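When you read off a place in the sequence shown, starting at 1, and then add 17, the result is the number in the working numbering. Even glycine gets a Cβ: it sits at the ideal position worked out from N, Cα and C. Here the structure is a predicted model, which is why all the values come from computation and not from measurement. To keep things clear, I will list the structure first and then write my remarks on it.
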Amino acid sequence: MSEPEFFRQCTTCKKPIAFGANYLQCSVSTCNRNKLAQFFCTLACWDAHLPEARHRDAWAEPMQAPTLEAFRREQQEEEDREARSTARERAMSDETDKRRRIVGSTTAEDLPQDVLVVVSKLKAYVKARSGMNTSDAVVEVLSAKMRKLCDAAIEVAHADGRKTLLDRDFK
Ligand SMILES: [Zn+2]
Ligand SMILES: [Zn+2]
18 MSEPEFFRQC TTCKKPIAFG ANYLQCSVST CNRNKLAQFF CTLACWDAHL PEARHRDAWA
78 EPMQAPTLEA FRREQQEEED REARSTARER AMSDETDKRR RIVGSTTAED LPQDVLVVVS
138 KLKAYVKARS GMNTSDAVVE VLSAKMRKLC DAAIEVAHAD GRKTLLDRDF K
């Protein structure tokens, strides 16, 4: 893999955002989805994406790009994690299939206990917000909380006779 020269390019003006530089992120989650994530070098560039995005409520969140070293480390970690979770998912789904054939339903223990948050984004948020670092154990706790929230919402959707989880199930 070739050496990245900068962290990201500004979504609007395409100027490079250097490692360690300050940049802005949109507060709306759809603007930060994995491969489609948007990065802005200035408030003006963030403003420029608004007409097309048509958010109801949005603000720009100040972020700091990781250093090249941290970036490489994170990429490596993410690759490792992906490789691990793919292997685990495969093992899990084999396991679940087997059990499903036997008992016909999935119990909570059968389910993968994967990390459900984007670790780098979470850390970047905490850092930007407070200057604090985030311990790796935090992502486990948050993932467990998200699973709990989803379980409760699933019950609401189920009681409603739906097969789709809606945002209102979380209210
Ligand atoms: Zn820009
Ligand atoms: Zn946006």
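If we count the other Cβ atoms within 10 Å of its Cβ and call it buried at 16 or more, is residue i buried or exposed?
i	result
P68	exposed
C30	exposed
E20	exposed
Which of helix, strand or coil does DSSP assign to residue i?
i	result
E20	coil
A169	helix
N51	helix
L182	coil
P33	strand
F57	strand
Q130	coil
R89	helix
R73	coil
P83	coil
Which whole-angstrom value is the C-beta distance of residue i and residue j, which I expect to be below 8 angstroms?
i	j	result
V136	V156	5 angstroms
E78	A145	7 angstroms
L166	A174	The pair is not a contact, with the Cβ atoms about 13 angstroms apart (cut-off 8 angstroms).
Which one or two residues does DSSP pair with residue i in a beta bridge?
i	result
E78	Q42
R25	I34
Spatial neighbours of residue i within its chain, please: C-beta separation below 6 angstroms, excluding the five flanking residues on both sides.
i	result
Q26	P33
Please go through the same chain and pick out, in chain order, the residues whose beta-carbon is closer than 8 angstroms to the beta-carbon of residue i, but skip the five residues on each side of it.
i	result
E106	P129, D131
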